[in-house]
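Presented below is the structure to which this report refers.
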Amino acid sequence: MAEALLGILLENVIPLVQREFAAFSGIKEKTEDLSHTLAFIKKVLDDAKEKQWSNPPIKIWLQRLKDATYVLDDVLDQLPTESSQHGWLSSFKPNNIMLRGKVGHELNEIVRRLDRIAEDKNKFLLREGVRERPTEVAEWRQTSPTIISPQVLGRDADKEKVVEFLLSPARNSEFLSVYPMVGLGGLGKTTLAQLVYHDERVSSHFNLKIWLCISETFNVRRILCSIVQSITKNECKVLELPVMEEKVKGLLQGKKFLLVLDDVWVKNQQLEFGLNEDKWDQLKSVLCCGSKGASILVSTRDKDVATIMGAYQTHDLSGLSEDDCWSLFRQRAFRPDKAEDEELVKIGKEIVSKCGGSPLAAKALGGLMRSRNTRNEWLEVKESSLWTLPNENHILPALRLSYFHLPPTLKQCFAFCAIFPKDESIKKQELIHLWMANGFISSRANLDVEEVGNMIWNELFQKSFFQDVEINDYSGDVSFKMHDLVHDLAQSITEKECMCLEEANHTDLPKNTHHIGFKCDEVTETPFRKGACEKTESLRTLYDLNWYAPRNASYFCPTNISLRVLCTYTSKFPSVENFSHLRYLGLCDLEIKTIPDSIYSLHKLEILKLMQCNELFSLPKHLTRLHNLRHLAIDGCDALSEMCPDIHKLYELKTLECIHCEFSKRT
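With our numbering, the residue at position 15 of the sequence shown is 27, and numbering never jumps.
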């Protein structure tokens, strides 16, 4: 992710600083030194990115560069704010001289740090001028926003065999049948389960169908809560286990149900919270309350799941034929309005032969090749050294290749998605807002930043990094998911840089953590202990994945002034006076009648969202001081009686959304 941030600094921020501070000796020289150092590093960056997969010391060197780049961005980001806030460019008051001295000192420190990093690059014999294709804005424009339902090939026989098992008369004599589908990651187990789940014969055979994605954490209480939510369509608070057990038994009693447990993992040395015999016995004792014919369909990579669940029969899923893989690849690699080049077809079939029968790999590679038109570009992919790297963390080489050939901005936008849990339904517009707030994307030519974000999302979708797209019939909102192997790729790229925390009471986060998404099972849990984020050097994102849902947990108030995104629940308005970098503020459950004046200190705020603030009576009187505000959303603030009268003076405002507010009911 460092290359995109470096690119932004080199192309935009550094020339700005040099221009504004040209009159001040010391600062001008420091920014020139900084520019030269960054340009020096950037020359070898592409070679380092390629070699990091097989050379751990280079990966560590890149991590040091990333961390330093984040700190540098913090230093430079404050300059326009300080400039406009204090008028110190033209003033020689003592406090402004002190500010210049502070910035000069910080620049001096970061230049020294980057100089050491630049010197260390010589240890790795990195080549200069090894470059990827440039960022293709034109290609983003060619991407269609139309969402196309994926075509499923080569699974008819598998589907019929699973359906036959579920509908077999023998199942009607059993109170609970378990049928695991076992196969390697990326072969299409989830897709097969979906085909079976939506088959009309299956729907008419069972009284009730429930779909749950389990992933790496087999939490019985969470599973029972999800069953309740699926059946009742209402939010379920995770209560004590005996209470949840009785609730589920009441809902399933005497029913012939089909329960799909997708992506089940077994507990082992690497996976602490996976399935084990005790957890299965606990869950099975609840599920046995159904009628004869009730069934559980399981998808898993691990044959031990079948043993633990006592299944006497499994469905082993093999890879697709090369012909089917070629069809999936071909659909994405060649444009329908252009004739297929025979030489590229030949190379393409050789690339497909490396997919191992994985439909995910075939689709990802097809999406990659669509934007590559020459023989040399196709040979580069076919002969890449990434095919021969050890298959660590089950990352498919095809996915690694697809990521490696993304333009820098797309790389950064994709890798950031590691802050979300596996199988999370992610709102497209919300993700674009998070990209904006972190400076990953910016306006281009005649395109607004939101349009650029939309095009980047479309490109990642077309390249199979995003899938399972759904459109809300009422609002038109688009949501999507990531395949678990794609999520694994994002995690392997970012490691500690982007983290998703699903447990409570974290105490000590790593220094190089910059983006955090967190979610707690219990409504009363606290995600972080006091001081948990003190060691983080430049924390940018603190994003409660359920921030818009009120709960009883105590609020965690960060002190990291580098934050760009703060979305959380809180009864009190947080102390934001020092959050000069903040672009996105999302708050839920405020117990105040009006927003305090401290919000005016957020000069760079672009996105403000207020949810379920039932006592909020009015918005800030001088909201128009937030000159950069682009999106304002207010939902569930029942007492809010009027909108800011000068709202029309927010000249950058793109969207204004007011739902379930007192004044909105009168209009």
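Here a beta-carbon is modelled for each residue, glycine too, at the ideal position from N, C-alpha and C.
> Could you give the distance in angstroms between the alpha-carbon of V260 and the alpha-carbon of E627?
Replying inline: Translated into positions along the sequence shown, residue 260 becomes position 248. Translated into positions along the sequence shown, residue 627 becomes position 615. For V260 and E627, the distance between alpha carbons rounds to 36 Å.
> Hey, is the segment 223-243 in contact with the segment 275-284, meaning 3+ C-beta pairs nearer than 8 Å?
Replying inline: yes
> Among R595, D79, S330, A182, which has the Cα closest to the Cα of G305?
Replying inline: Your numbering for residue 305 matches position 293 in the sequence shown. It is A182.
> Does DSSP classify C579 as helix, strand or coil?
Replying inline: Residue numbering aside, residue 579 sits at position 567 when the sequence shown is read from its first letter. Strand, per DSSP.
>> What does DSSP give as the partner residue(s) for E669 in the beta ladder?
In response: The count along the sequence shown starts at 1 and reaches residue 669 at position 657. Bridge partners of E669: A645.
>> So for R412, helix, strand or coil by DSSP?
In response: Numbered from 1 along the sequence shown, position 400 holds the residue referred to as residue 412. Of the three classes helix, strand and coil, the one that applies to R412 here is helix, per DSSP.
>> Less than 6 Å between C-beta atoms, sequence neighbours within five positions excluded: which residues of the same chain meet that for S476?
In response: Along the sequence shown, read from residue 1 onward, the residue named residue 476 stands at position 464. So the qualifying residues of the chain are K375, A376, G379.
> Going by alpha carbons, who is nearest to L273 out of N450, L299, W447?
Replying inline: Indexing the sequence shown from 1 puts residue 273 at position 261. L273 has its Cα closest to that of L299, out of N450, L299, W447.
> Does DSSP classify P146 as helix, strand or coil?
Replying inline: Along the sequence shown, one-based indexing puts residue 146 at 134. Confidence at P146 is low in this model, with a pLDDT of 44, below 50, so the placement of that residue should be treated as unreliable; the coordinate-derived value is given next. The answer is coil: DSSP assigns P146 none of H, G, I, E or B.
>> On the CB-based measure, 16 or more other CB atoms within 10 Å of its CB, does E148 come out buried or exposed?
In response: Indexing the sequence shown from 1 puts residue 148 at position 136. Residue confidence is low: E148 scores 46 on pLDDT, short of 50, so the model does not pin down where it sits. Its coordinate-derived value is still stated next. Classification for E148: exposed.
> Is DSSP giving M321 helix, strand or coil here?
Replying inline: Counting from 1 along the sequence shown, the entry for residue 321 is found at position 309. DSSP places M321 in helix when its eight states are reduced to three.
> Can you tell me the Cα-Cα spacing of E172 and S66, whole angstroms?
Replying inline: The residue labelled residue 172 in the question sits at position 160 within the sequence shown. The residue labelled residue 66 in the question sits at position 54 within the sequence shown. Whole-angstrom Cα-Cα distance: 43 Å.
> Between the segment 126-133 and the segment 622-637, do three or more beta carbon pairs fall short of 8 Å?
Replying inline: no
>> Let's see if you can read the secondary structure: which residues bound the alpha helix (DSSP H) around I505?
In response: Here residue 505 refers to the residue found at position 493 of the sequence shown. Element bounds for I505: 496-506.
> Exposed or buried, what is L592 when buried is set at 16 or more other beta-carbons lying within 10 Å of its beta-carbon?
Replying inline: Residue 592 sits at position 580 when you count from the first residue of the sequence shown. What sits at residue 592 in the sequence shown is Ser, not Leu. Buried: at least 16 other Cβ atoms inside 10 Å.
> Do the segment 356-369 and the segment 318-329 make contact, defined as three or more Cβ pairs closer than 8 Å?
Replying inline: no
> Using the beta-carbon count (16 or more within 10 Å), is Q163 buried or exposed?
Replying inline: Indexing the sequence shown from 1 puts residue 163 at position 151. Q163 should be labelled exposed.
> Between the C-alpha atoms of H672 and T580, what's the straight-line distance to the nearest angstrom?
Replying inline: For the purposes of this step, residue 672 is taken as the residue at position 660 of the sequence shown. For the purposes of this step, residue 580 is taken as the residue at position 568 of the sequence shown. When rounded, the distance between both Cα atoms is 20 Å.
> How would you label F104, buried or exposed, when you count the other beta carbons within 10 angstroms and need 16 or more for buried?
Replying inline: Numbered from its first residue, the sequence shown carries residue 104 at position 92. Note that F104 has pLDDT 44, beneath the 50 cutoff, so the model's placement of it is unreliable and no number is given.
> Where do the ends of the alpha helix (DSSP H) carrying L380 lie?
Replying inline: Along the sequence shown, one-based indexing puts residue 380 at 368. Start and end: 371-381.
> Ordered along the chain, which non-local residues of its own chain (more than five positions away) have a Cβ less than 8 Å from that of P433?
Replying inline: To locate residue 433, count along the sequence shown from 1; it is residue 421. Correct list, in chain order: S227, C512, E514, G529, K531, L557.
> What do you reckon, are the CB atoms on A544 and L521 nearer than 7 Å?
Replying inline: Within the sequence shown, residue 544 is the residue found at index 532, counting from 1. Within the sequence shown, residue 521 is the residue found at index 509, counting from 1. Yes, Cβ-Cβ distance for A544 and L521 is below 7 Å.
>> Can you check which of these residues, D132, K42, F426, C237, is closest to W73 by C-alpha distance?
In response: Here residue 73 corresponds to residue number 61 of the sequence shown, with the count starting at 1. The option with the nearest alpha carbon to W73 is D132.
>> What would DSSP say about V276, mapped onto helix, strand or coil?
In response: As a position in the sequence shown, residue 276 is number 264, starting the count at 1. Here V276 sits in strand by DSSP.
>> Whether or not the segment 245-256 and the segment 340-360 are in contact is what I'm after, with contact meaning three or more pairs of Cβ atoms, one per stretch, closer than 8 Å; do they touch?
In response: no
> From S504, M623, S587, G598, pick the residue whose C-alpha is nearest to that of P608; which is it?
Replying inline: Taking the sequence shown and counting its residues from 1, one reaches residue 608 at position 596. Answer by Cα proximity: S587.
> Can you name, in chain order, every residue of its own chain whose Cβ lies under 8 Å from the Cβ of R153, other than the five neighbours on each side?
Replying inline: For the purposes of this step, residue 153 is identified with residue 141 of the sequence shown, where counting begins at 1. For R153, the predicted structure reports a pLDDT of 40, less than 50, and the residue's modelled location is therefore unreliable. A value from the coordinates is still provided. Correct list, in chain order: M467.
> In chain order, what residues of the same chain lie with their CB nearer than 6 Å to the CB of V190, ignoring the 5 residues before and after it?
Replying inline: Residue numbering aside, residue 190 sits at position 178 when the sequence shown is read from its first letter. Only I308, M321, A323 meet the Cβ criterion.
> In three-state DSSP terms, what is H48?
Replying inline: Against the sequence shown, residue 48 aligns to sequence position 36. In this structure, H48 counts as helix in the three-state DSSP scheme.
> Buried or exposed: where does L668 fall if 16 or more other Cβ atoms within 10 Å of its Cβ makes it buried?
Replying inline: Here residue 668 is taken as the residue at index 656 of the sequence shown, counted from 1. By the neighbour-count rule (16 or more Cβ atoms within 10 Å), L668 is not buried but exposed.
> Going by beta carbon distance, what residues of the same chain come within less than 6 Å of I160, once the five residues before and after it are set aside?
Replying inline: Numbered from 1 along the sequence shown, position 148 holds the residue referred to as residue 160. For I160, the pLDDT reaches just 49, beneath the cut-off of 50, and the residue's location in the model is therefore unreliable, leaving the point undetermined.
> Alpha carbon to alpha carbon, what distance is there between Q90 and H98?
Replying inline: Position 86 of the sequence shown, counted from the start, is the residue given in the question as residue 98. Position 78 of the sequence shown, counted from the start, is the residue given in the question as residue 90. With a pLDDT of only 45 at H98, under the threshold of 50, the placement of this residue in the model should not be trusted; the figure read from the coordinates follows. Those two C-alpha atoms are separated by around 12 Å.
> Between L602 and S491, what straight-line distance do the alpha-carbon atoms span, to the nearest angstrom?
Replying inline: The count along the sequence shown starts at 1 and reaches residue 602 at position 590. The count along the sequence shown starts at 1 and reaches residue 491 at position 479. So the alpha carbons of these two residues sit roughly 27 Å apart.
>> Is it buried or exposed, E509, if we count other Cβ atoms within 10 angstroms and call 16 or more buried?
In response: Within the sequence shown, numbered from 1, the residue matching residue 509 stands at position 497. Flag for E509 reads buried.
> Counting along the chain, where does the alpha helix (DSSP H) carrying K261 start and finish?
Replying inline: The residue labelled residue 261 in the question sits at position 249 within the sequence shown. Its alpha helix (DSSP H) spans residues 253-264.
>> Is it buried or exposed, A318, if we count other Cβ atoms within 10 angstroms and call 16 or more buried?
In response: Along the sequence shown, read from residue 1 onward, the residue named residue 318 stands at position 306. Result: buried.
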